[in-house]
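Engineer: Each residue of the sequence shown is one higher than the one before, counting from 3 in my numbering. Think of the CB as a built atom: it goes at the ideal place given N, C-alpha and C, for glycine as much as any other residue.
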Amino acid sequence: MPEGPPDRKPSLVIVAGASGQHAAVVYEAALLSGIPVAGFAAIARNAPAAVLDCPPLGQLDACTVEGRSFVIACGSNTLRRELTERLRQRGACFAAVVHPAAIVSPSATIDPGAVVLAGAIIGPRATIGEGVIVNHAAVVDHDCRLEAFANICPGVRLAGCVTVRAGAFVGINAAVIQGIEVGHDSIVGAGAAVIRDVTAESIVGGVPAKLLSRDNTTPK
Numbered sequence: 003m004p005e006g007p008p009d010r011k012p013s014l015v016i017v018a019g020a021s022g023q024h025a026a027v028v029y030e031a032a033l034l035s036g037i038p039v040a041g042f043a044a045i046a047r048n049a050p051a052a053v054l055d056c057p058p059l060g061q062l063d064a065c066t067v068e069g070r071s072f073v074i075a076c077g078s079n080t081l082r083r084e085l086t087e088r089l090r091q092r093g094a095c096f097a098a099v100v101h102p103a104a105i106v107s108p109s110a111t112i113d114p115g116a117v118v119l120a121g122a123i124i125g126p127r128a129t130i131g132e133g134v135i136v137n138h139a140a141v142v143d144h145d146c147r148l149e150a151f152a153n154i155c156p157g158v159r160l161a162g163c164v165t166v167r168a169g170a171f172v173g174i175n176a177a178v179i180q181g182i183e184v185g186h187d188s189i190v191g192a193g194a195a196v197i198r199d200v201t202a203e204s205i206v207g208g209v210p211a212k213l214l215s216r217d218n219t220t221p222k
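1) On the DSSP letters alone, give me the boundaries of the alpha helix (DSSP H) that Leu34 sits inside.
2) Between Arg147 and Ile112, what straight-line distance do the alpha-carbon atoms span, to the nearest angstrom?
3) Is Gly131 buried or exposed, if buried means 16 or more other CB atoms sit within 10 Å of its CB?
4) Curious, which full-length alpha helix (DSSP H) runs of at least 4 residues does the region 44-115 contain?
5) Would you identify the three-state DSSP class for Val117, choosing helix, strand or coil?
6) Among Ile174, Val142, Asn175 and Gly157, whose alpha-carbon lies nearest the alpha-carbon of Val166?
7) Do you know how far the Cα of Cys76 is from the Cα of Ser204?
8) Give me the residue from Gln23, Val27 and Arg70 with the minimum Cα distance to Ala40.
9) In three-state terms, what does DSSP make of Thr165?
10) Which of the three DSSP states, helix, strand or coil, is assigned to Ala202?
11) Are the beta-carbon atoms of Ile154 and Val178 separated by less than 7 Å?
12) Round the Cβ separation of His186 and Gly208 to the nearest angstrom and send it over; I've been treating them as touching at under 8 Å.
13) Buried or exposed: where does Asp55 fall if 16 or more other Cβ atoms within 10 Å of its Cβ makes it buried?
14) Consult DSSP for Ala177 and reduce its assignment to one of helix, strand or coil.
15) Among residues of its own chain, excluding the 5 on either side of Leu213, which ones have a beta-carbon nearer than 7 Å to its beta-carbon?
16) How would you label Asp217, buried or exposed, when you count the other beta carbons within 10 angstroms and need 16 or more for buried?
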């Protein structure tokens, strides 16, 4: 009986933001992970002409979705969510990108569209939601739950059983003690030490972290 064609992964399309800087990071992580990359698609006319040596595919709205998977490579939580929904309406599928230098527990779950970068540690039973960024050298300990489109910056340390709700932003080198909940669309400032729950759409900062604003109106 003749053998069928070999299984092939869909070629990955990296959706680049205006600067293309995060797209370059995601592109290299994908290459090092052995993911076949078709190229990058721009979301705006002022998007970068080049992302390292990643082939340009033109504007996202004109990009073919059939036979491809997508990852949204921009830092804005809101924009990642919006672009994901736009692509999903066109029938697109999404892929997670995990740098080979990240350490991921076999019992952890990483949803499509998430990005886990070099030096990150994902502990047992942790769940990483759709479109989440876990940046360089961040620690997500056991039983943490990161909901869709959250952004975990470089050097962040989340102790066990922390919940980061959808669209929250945890700034560089912040630390969150065990069992804390960081509310949806909230911002934790750089270097903060979070020892109490963070309410939704608020901004906290400092050591220990204190409420700075109840109304987060900054871009996410």
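Structural biologist: Here's the rundown:
1) Element bounds for Leu34: Gln23 to Leu34.
2) Their backbone Cα atoms lie some 10 Å apart in a straight line.
3) Buried is the call here.
4) Every alpha helix (DSSP H) of 4 residues or more that sits fully in the region 44-115 is shown, in chain order, as 79-91.
5) It is a strand residue.
6) Considering only alpha carbons, the answer is Val142.
7) Going from the Cα of Ser204 to the Cα of Cys76 covers about 22 Å.
8) Ranking Gln23, Val27 and Arg70 by Cα distance to Ala40 puts Arg70 first.
9) Correct three-state label for Thr165: strand.
10) Looking at Ala202 - three-state DSSP - the assignment turns out to be coil, as it is neither helix nor strand.
11) It is not a contact, given that the beta carbons lie outside the stated cut-off.
12) Actually they are not in contact, since the Cβ atoms of His186 and Gly208 sit about 21 Å apart, beyond 8 Å.
13) Asp55 should be labelled exposed.
14) In the three-state reduction of the DSSP assignment, Ala177 falls in the strand class.
15) Its chain contains Ser204 and Val206 as the residues whose beta carbon lies nearer than 7 Å to that of Leu213, once the 5 sequence neighbours on both sides are disregarded; these appear in chain order.
16) Burial call: exposed.
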